[in-house]
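Below: one structure, written as structure tokens.
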Amino acid sequence: MSDTEHQEDGHGSLVINNKKLLMWLFLGSDCMFFGTLISTHLIYRKLYPESYDPLLVFDLELTSGSTFILLMSSVLMALAVSAMHKGELKSFRLTTIGVIFCGLIFLACQVYEFAHFTNEGLTLSTNTFGSTFYMMTGTHGVHVAIGVFWLICLYFYSYTGKMDAHESAVDVEVAGLYWHFVDIVWIIIFTAVYLIEYIPGLR
Amino acid sequence: MTVLFLGGCNLDTRMTTFVTKGPVAETQYDLFMLTVWVTLGIFIAVGGAFAFAIIKFRERPDDERPMPSQGHGNPLVEIGLIGASILLLVIIAVPTLQGIWYTHDTPEDPESFMGAWYSGEELAEEEADNPLIVKVIGYQWWWAFEYPQLGITTANEMVIPAGKVVHIELRSFDVIHSFWLPRIAGKVDLIPGRTNSMWIQAGDNFLRWKEKQGVAGPEEESPALRADYAAYLEEEIHNYYYGQCAEYCGDSHARMHFRATVVDNKEFAEWVIDERTGHGTPDGKTWDDWYAAYADNPDSLTGDLNEGLKLFMGRAKCATCHVVKGNPRALGVAGPNLTNVGSRMSIAAGWLNHRIEEDGSIDLEKQYDNFYKWIKETDVVKPGNRMWKAGGGGIGELIDENGELALLTEDEIHKLSLYLQSLK
Amino acid sequence: MSQTETEIHAPSTTQAPKTHELKPEPSQLGFMRPDHSKSVIMDWLTTVDHKKIGIMYGAIALFFLLVGGFEALIIRTQLAFPENDLISAQRYNQLFTMHGTTMIFLAIMPLNAAFFNFLVPLQIGARDVAFPRINSFSLWAFVAGAIVINFGWVLQALQVMGLFEASGPTAGMTDLAPAMGWFGYAPLTGTNFTGAGTDFWIMGLQILGIASLSAAMNFVVTIVNMRAPGMKMMRMPVFTWMTLVVSLLIVFAFPAITIALGQLMFDRCFGTNFFVVAGGGQPILWQHLFWIFGHPEVYILVLPAMGIISEILPVFSKKPLFGYSIVVFSGAVIGFLGFAVWSHHMFTTGLGKVATAAFSLLTMAIAVPTGVKIFNWIGTLWGGRVRFSAPMIFSLGFVWMFMMGGFSGIMHSSAPADAQQQDSYFVIAHFHYVAIGGIFLAVVAGIYFWLPKMIGKMWKGNLSTWVAIFSTVGLNVTFFPMHFLGLLGMPRRTHTYLEGFGWETYNLVCTIGAYILAFGILLLVVDIIRCFRNGEPAGNDPWDARTLEWATTSPPQVYNFAKTPIIPARDALWEDKYGPENRKITHEDDHGHGIHMPSQSWMPFIAALGFIPVGLGMSLMQAGVPYMGYVAIFGLLVLGLGIALWAIEGPGGYHMHPEVDAA
């Protein structure tokens, strides 16, 4: 997906691949996205502590499980990147399928969670908690979905025979950066949105 | 050119921030002038250097000068200039901080406590040590002024005592508005979902006035001084001030004015009683009798004012949205309180004025015209306002018994205008 | 360009080296890639050449500058007399909203982008930006956003003609073009206060944000990675530096407004409660989110102007920029502090003493790096040899007028004084001195400076002087009295005013000034067209300039430099011309590889085109037009398909072997 192959400088300037640098910038920007979303949530939580008790709907076991699965997918992603660097297509496919699978489980958990919460009466428009919660976790879910879609593309692309250990390894690494970031963001959301509710002093 | 321009203009206008009354606007003005002088100094120094450089170093025909030195700058000069700019900013920063603290919190001024100056009765005991509180509520596009300690509410024209601290609470009913009474205080926003506060004081209290007069010692006190101070309040402060909404709030933002009348203590107490009592019926009946007649035989109520009142309560549906104190059935709160609307100097949130500037009295003819215009074409005077449509219940959508559109006739508007004019 | 020294000194010989015919080639999709030579329109729609993209940005931005200017003229005409009824309140509110939005997002930002695109690769000795197709995508996404945001006017016109009436969630609302001010304070943007115009505004800004973000990331990568050998960071021209700072500002500031707009869109479309007071929302949150974006945005607008000035002043003073490193550093400091002063737009919202004091002090602090720039510009003139050519005249005008805008900025920084100035005409005066006296004059200076490079033709005659006179006089006649208007209590955004408040004369003078300014801008357009039609060949280096872009042909060839230059020093071209032997530009040997060029592509254009149905569909759905949800989904599919095909088609590329004289 590179646009220019020539990276003719490298003389004296930082040597970091164009695509990787682009991804880092995107992630920097994304930090601000999630920062805004999470702070909106926390601000409203602090303003209206009594407006809603999320413990009515939260299911810590389920969410912890899906968090764990997402974390494990990061490990697999790291393996996939390393496999691609070595040019081991088979191992790459296996680990990528694993990541995709984990991502899908996570999404399924989220869909279940949303459905469950909605049934319990917490919707987008119920109160500010609903608004901020769904928008934040929904945005994260969209990120995961895009990541899964991206990995599926890479997976099928690996059958075209056009993948090599040099250029394609960078592509996979960039996808990996994205995936790890999405995981890290989830850990923050999990802490700041779910776990925090279980600390009595903070509620 | 600039001097000519400035020479020709009058800075003492209705909403000027140059000729101010009272400590808040004066503090703000002093700070502004400080920034003006500091920046003027910078302007002369930097602008002078700039002009000098352009002229001195311009290229001349057949320039024989050698190629300019290709130096990349001088750290010492840079550091010096940075230091100088920081110094100049400190000159502004220190009074700014003082100003922020001074204008933010309502001061504890014993002379401004209600107990010290309010001569009316019915003041709750615990309010004696508080300043007057006015709750300002912004609506699209008018203002409600509540006096919670006194149990009265008025609209668009507030009345405040001269030389006394007034604590103001600001809330909004719909969108963001901003309360700006330039000659008395800078603006503070009315934001839905929160309450802001500010304080204003029209004119100086005795202490500050004495300081300005150069009277030695804050303890200095004499009947003559007091008399001078009273004269100052009467002459300088006793006035009619113009204010306007300063935060864009929709269609008729430009027409969301308000006024503040500054009065002395005695007048204030009288005004409060006036507002509390409200109005009787046009022909002196009690309200119960009037309503009985209205129910049994409306035609027995004759005369323009009675006709106007009947319209007010009936077909024109005014009472659905407006309060008229005294009238037990005019209790609507969606629109401005109309108690004493006939003694206000303007209607339609300050857009239609009938004050005679020379003596501060009301131009009755103009007042009648304004009421007439406002009722007839309220959507033109204030586009988008709720009186016209009100979600199907406004006067622009009045229907007769056959369900056909039947706006108020000219005669009806005439009678309503006369009735409203009589509310004073 | 491998040119001999003599060629550089004799700018008239602009012989372009012959190149091989550019041939289309199949992409990985199996289709032929769009051809360079077949049709002009196709060539421009599919181009990935940063220079063509830059020129398109510039042309579209100038068009919107005229649109925004026209809106301003109507506004000023309405205000010429008290209680004037040329236009209705609602129309006035729409005009000032769109005037602000157009000028900021559709005129100044893309004008800056035009300079970024055209100049940055040339200034750092690169062939193109790092991601040419993303660059093309940014341009077309910007166009899509501009169309969406202005579509409200079309709908409004239809409504006035009686051909359309809003139903659905915004039924009964008659404002179908945006009418809530360019910072769209909640809750006025809620469905119970404003109509579909707000939706067009939200969707349009969202799309423009995507365009800006993708462009900004592209430029950071380009500047960090694509520099020619030897072009160290501290050798980069200041304009490139400012581009880097601005791009980083965009990367970190735009998310705030993207999220805020997203929340607002959810409020309007899906009933969330972010800014709905009845549901517990806090409208003040919008202000914080908006200004966390909005204040950096101010520097996003003005820093490129400072960069332009920092390029022009040294050239016409025949001196290097005084204190290069401090100018660069102060630019970075301004960018950084820009994130810490947002609440000075909110001094009247009841922040509390401590927050007000903190933001007041930080705002004063930001005056220091700004002042430093002005000192250094004067230092650059000092001891130089000042030539009064058009770019220089505008640059000097910039310094003067920007200084004026800066002074009123210092007046705002004192929070209590600001309580009288906020939301009055004083603020209007302040930011128009910065925007017109600052940014606009700098951009015009840039146009006169670089137009010969862009199109290879030199503007001629003295029309530029008249442009300068009319625009500067017009600017001052329009906006200087506004300081007084504001201090005499006239609030901004009022469609009319009563007689007797002492505002009549000032307003009339302002209106006259606006027409003088408009005449100046008209002359500018005439002058640009004259230059296009019958400018003389400009030569490579008409100004005896200092930076690398002047080392190549005018206009530059598609590959910019036939051989990659090796940069030995700051002010590379100047050192090459006048410096010692060891500071001459040398060239890399390509060992016969030729130049790798990216292929043109339809995909960015198609993907960006998808934004139009998304934006219009979402907005029209709010206005109650049936089936619009499907249109929005269709747009998303087009967008997705475009991006997918873009990924699959591969970068492509071909090699060129310009036949240069073996000099």
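These protein sequence lines are chains A, B and C, in that order. Residues 6 to 208 (our numbering) are what the first sequence spells out, left to right. Residues 35 to 458 (our numbering) are what the second sequence spells out, left to right. Residues 53 to 715 (our numbering) are what the third sequence spells out, left to right. Glycine is no exception: its CB is placed at the ideal position from the N, C-alpha and C atoms.
* Inter-residue spacing [alpha-carbon to alpha-carbon] between residue 189(C) and residue 188(B) -> Rounded to the nearest angstrom, the gap between the Cα atoms of residue 189(C) and residue 188(B) is 58 Å.
* **Opposing strand residues paired with residue 279(B) [DSSP bridges]** => 213(B).
* Asked: Who does residue 292(B) pair with in a DSSP beta bridge?
  -> Beta-bridge partners of residue 292(B) (DSSP): 277(B).
* To do: Pull up the distance between the alpha-carbon of residue 405(C) and that of residue 465(C), whole angstroms please.
  => One C-alpha to the other measures close to 14 Å.
* Residues in its own chain within less than 7 Å of residue 392(C) by CB, not counting five upstream and five downstream? -> Cβ within range, chain order: 414.
* Asked: Of all the alpha helix (DSSP H) runs that stay within the bounds of the segment 433-494 of chain C, which reach a length of 4 or more residues?
  -> Taken in chain order, the unbroken stretches of alpha helix (DSSP H) that lie wholly in the segment 433-494 of chain C and span 4 residues or more are 442-465, 467-473 and 477-484.
* **Unbroken beta strand (DSSP E) run spanning residue 484(B), endpoints** => What the structure shows of chain B is the stretch from 35 to 458, and residue 484(B) is not part of that stretch, so it cannot be assessed.
* **Within chain A, partners of residue 311(C) - CB distance below 7 Å** => Result: 38, 41 and 42.
* Tell me, please, whether the CB atom of residue 99(C) is closer than 8 Å to any CB atom in chain A? => At least 8 Å separates the CB of residue 99(C) from every CB of chain A.
* Hey, how far is the Cα of residue 715(C) from the Cα of residue 615(C)? -> Because residue 715(C) carries a pLDDT of 35, less than 50, the predicted location of this residue cannot be relied on, and the following value inherits that uncertainty. The straight-line gap from Cα to Cα measures roughly 11 Å.
* Check each residue of the segment 352-372 of chain C: if its Cβ is closer than 8 Å to any Cβ of chain E, include it; give the result in chain order. => The displayed structure is made up of protein chains A, B and C, and chain E is not among them.
* Asked: So is residue 212(C) in contact with chain B if we call contact Cβ pairs under 8 Å?
  -> Contact of residue 212(C) with chain B is not assigned, every C-beta pair being separated by 8 Å or more.
* Mind checking the segment 240-256 of chain C against chain A and listing, in chain order, the residues whose C-beta falls within less than 8 Å of any C-beta there? => For the segment 240-256 of chain C, which is checked against every Cβ of chain A, not one residue is closer than 8 Å.
* To do: Starting from residue 187(B), follow its DSSP beta bridges and name the residues at the other end.
  => According to DSSP, residue 187(B) bridges with 180(B).
* Asked: Is residue 375(C) near residue 119(B), with beta carbons less than 8 Å apart?
  -> Their beta carbons are not under 8 Å apart, which means residue 375(C) does not touch residue 119(B) by this criterion.
* Asked: Rounded C-beta distance between residue 116(B) and residue 420(C)? I'm assuming under 8 Å.
  -> In this structure residue 116(B) touches residue 420(C) by the C-beta definition: roughly 6 Å separates them, less than 8 Å.
* To do: Return the bridge partner residues of residue 507(C) from the DSSP annotation.
  => According to DSSP, residue 507(C) shares a beta bridge with no other residue.
* To do: Report the partner residues of residue 638(C) according to the DSSP bridge assignment.
  => According to DSSP, residue 638(C) bridges with 618(C).
* Are the CB atoms of residue 526(C) and residue 568(C) nearer to each other than 8 Å? -> Yes. Within cutoff.
* To do: Look up residue 262(C) in the DSSP assignment and say whether it is helix, strand or coil.
  => In the three-state DSSP reduction, residue 262(C) falls in the helix class (H, G or I).
* Mind listing the chain A neighbours of residue 341(C)? Cutoff is C-beta to C-beta under 7 Å, in chain order. => Residues of chain A passing the Cβ test: 41.
* **Simplified DSSP state of residue 579(C), which is helix, strand or coil** => Three-state result, residue 579(C): helix.
* Is there contact here, the segment 264-276 of chain C with the segment 580-592 of chain C, by at least three beta-carbon pairs under 8 Å? -> Between the segment 264-276 of chain C and the segment 580-592 of chain C, the count of Cβ pairs shorter than 8 Å is below three; the stretches do not touch.
* Asked: Under three-state DSSP, which class holds residue 25(A)?
  -> Three-state DSSP puts residue 25(A) in a helix.
* Could you spell out the range, first to last residue, of the beta strand (DSSP E) harbouring residue 164(B)? => Per DSSP, residue 164(B) belongs to no beta strand (DSSP E) and is neither H nor E.
* To do: State buried or exposed for residue 682(C), treating a residue as buried only when at least 16 other CB atoms are found within 10 Å of its CB.
  => Its Cβ having fewer than 16 others within 10 Å, residue 682(C) is exposed.
* Just the C-alpha distance for residue 157(A) and residue 356(C), rounded to the nearest angstrom, thanks. => Distance between the alpha carbons of residue 157(A) and residue 356(C) is about 41 Å.
* **Contact residues within the segment 277-300 of chain C, judged by C-beta distance below 8 Å to chain A** => Within the segment 277-300 of chain C, the residues whose Cβ lies closer than 8 Å to some Cβ of chain A are 277, 278, 279, 280, 281, 282, 283, 284 and 285, listed in chain order.
* Between which two residues does the alpha helix (DSSP H) containing residue 402(B) stretch? -> Element bounds for residue 402(B): 398-410.
* Euclidean distance between Cα positions of residue 138(C) and residue 154(C) -> Approximately 22 Å between the Cα atoms of the pair.
* Could you check the C-alpha separation between residue 447(C) and residue 426(C) for me, to the nearest Å? => Those two C-alpha atoms are separated by around 12 Å.
* To do: With 8 Å as the threshold, decide whether the Cβ of residue 324(C) is near any Cβ in chain A.
  => At a cut-off of 8 Å between beta carbons, residue 324(C) contacts chain A.
* Whose C-alpha, out of 154(B), 194(B) and 145(B), is nearest the C-alpha of residue 169(B)? -> Nearest option by C-alpha distance: 194(B).
* Could you work out which residue in 262(C), 513(C), 105(C) and 359(C) is closest to residue 599(C) when comparing CA atoms only? => Proximity to residue 599(C) across 262(C), 513(C), 105(C) and 359(C) peaks at 359(C), based on C-alpha coordinates.
* So, using beta-carbon positions, are residue 380(B) and residue 289(B) closer together than 8 Å? -> Their beta carbons are not under 8 Å apart, which means residue 380(B) does not touch residue 289(B) by this criterion.
* Between residue 428(C) and the rest of its own chain, which residues show a CB-CB distance below 6 Å, the 5 nearest in sequence each way excluded? -> Within the same chain, and ignoring the five residues on either side of residue 428(C) in sequence, the residues whose Cβ sits closer than 6 Å to its Cβ are 374, 375 and 379.
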